[in-house]
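Structure record follows, encoded as structure tokens.
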Amino acid sequence: MKNFENNFDRIMQRIWEESAKVRLPEAPDTNDAWMRMEQLMDIQETETIQKDAVKPMAPTPFIKPKLVWAVAAALALTLISPFLYNNYTTTSIVAERAEFKTVSLADGSTVKLNAESKLAYKKGFGSDHRNVTLNGEAFFDVEKEEVPFIVEFGSAAVEVLGTQFNIHSRGTDIGVSVLEGIVKVSGAEESKNVVLTAGQMVDFDPSSNPGFPEKIEHNKYPGWIYNRLILESTNLKTVCNEIERKFDVKIEFASADLANITVTGVIEADDFSPVMETLATLAQRSFKFEKDTYIIY
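Using my numbering, count along the sequence shown one by one with no gaps and you end on 359.
Printed below as a string of structure tokens:
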């Protein structure tokens, strides 16, 4: 974005310099011209030796300022349009609540988007680059090529050549897990990265750098692609947020402190009702339904 702003500033400076060269003469003063004409006619009458007729003043061409700015704007548009099209034409794929999408990319890679997630990439993907941005959660099955496949999410990024991995990026909760191949994960400081191999994962805050890799303990991971919720000392607020996204429901807590209760276990999430019942059991709490809202108490 900074390169675009610099280019745009240079273009506008050029327009300003070129438009400054156009001289905008003042509009002719018709009253003054007429008075001078009358004076010349009086002189002609009193001095009979003057034989040359007074030549009418040629009108001075006047270029309207609006026309200059219109030309400048047209020039700016002509200069920057190809740049904008080639560099800022973006394709976006969005999975809404209670929706999952599978995306086939131009390089042969596939991406599974979890609910309430967005994948985007610029023109030229697969030929000029293999860079995408992610907001939410997605499982990537990347086709192996010499050109690196790069996923940017917030201030973090993942770089691979060919592999299978999952990225979870929602607010301050970031996690990367690798099922196959090798993945390089960088955080707030690109130079401080960590390399993950198959069967490893790392969780970190977007404002920090990834820590040491941990082992993936479950054989069906990530759980969401198998309709499962895998919980490892996960607070109820995080779990309920995921349930709300998956089933498009509303869940609240009878008191704020309940949101901090942590739960561990695996919840089969094919249907909504068993999910709430299992969650209540794990949290040793109950729930009720009132006015389109599920309330945990």
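Virtual Cβ for every residue (Gly too), placed ideally from N, Cα, C.
The beta carbon of residue 348 is closer than 7 angstroms to those of 342, 359 in its chain, skipping five residues each way along the sequence.
Three or more pairs of CB atoms, one per stretch, sit closer than 8 angstroms, so the stretch 204-221 contacts the stretch 159-177.
In the three-state reduction of the DSSP assignment, residue 235 falls in the strand class. Of the other Cβ atoms in all chains shown, fewer than 16 fall within 10 Å of the Cβ of residue 346; this residue is therefore exposed.
Under the criterion of beta carbons closer than 8 angstroms, residue 243 and residue 226 qualify as touching, at roughly 7 angstroms. About 11 angstroms separates the beta carbons of residue 326 and residue 291, which is beyond the 8 angstroms limit, so they are not a contact pair. Here residue 176 is buried: its Cβ has 16 or more other Cβ atoms, across all protein chains shown, within 10 Å.
Contact fails between the stretch 313-333 and the stretch 260-278, because fewer than three Cβ pairs, one in each stretch, are under 8 angstroms apart. In the DSSP annotation of this structure, the continuous segment of the alpha helix (DSSP H) that includes residue 303 starts and ends at 298-309. With fewer than 16 neighbouring CB atoms inside 10 Å of its own CB, residue 336 falls in the exposed class.
Secondary structure of residue 287 (DSSP, three-state): helix. With contacts defined as CB atoms closer than 8 angstroms, residue 160 and residue 181 fail to qualify as a contacting pair. The beta carbon of residue 256 lies closer than 7 angstroms to those of 247, 264, 272, 275 in the same chain, with the five residues before and after it left out. The beta carbon of residue 300 sits closer than 8 angstroms to those of 235, all from its chain and outside the five residues before and after it, given in chain order.
Residue 322 sits exposed, since fewer than 16 C-beta atoms from the chains shown fall within 10 Å of its C-beta.
Straight across, the Cα-Cα distance linking residue 333 with residue 190 is about 43 angstroms. Rounded to the nearest angstrom, the Cβ distance from residue 289 to residue 324 is 23 angstroms, too far for a contact under 8 angstroms. Here residue 215 really is in contact with residue 229; their C-beta atoms are around 6 angstroms apart, less than 8 angstroms. When 178, 184, 241 are compared, the shortest CA-CA separation from residue 311 is found for 178. DSSP places residue 316 in the coil class of the three-state scheme, outside both helix and strand. Distance between residue 166 and residue 250, taken at the CA atoms: about 29 angstroms.
DSSP places residue 270 in no beta strand (DSSP E); its state is neither H nor E. The shortest CA-to-CA distance from residue 329 to any of 351, 192, 283 is the one to 283. For residue 352, the uninterrupted beta strand (DSSP E) run begins and ends at 349-352, by DSSP.
Counting along the chain, residue 339 sits inside no beta strand (DSSP E); it lies in the alpha helix (DSSP H) bounded by residues 334-345. By the neighbour-count criterion, in which 16 or more other beta carbons inside 10 Å mark a residue as buried, residue 231 falls on the buried side. Cβ atoms of residue 245 and residue 222 come within 8 angstroms of each other, at about 5 angstroms. In the DSSP assignment, residue 221 falls within the unbroken beta strand (DSSP E) covering 218-222.
Annotation: residue 354 to residue 154 spans about 32 angstroms, alpha carbon to alpha carbon. Boundaries of the beta strand (DSSP E) around residue 155: 152-157.
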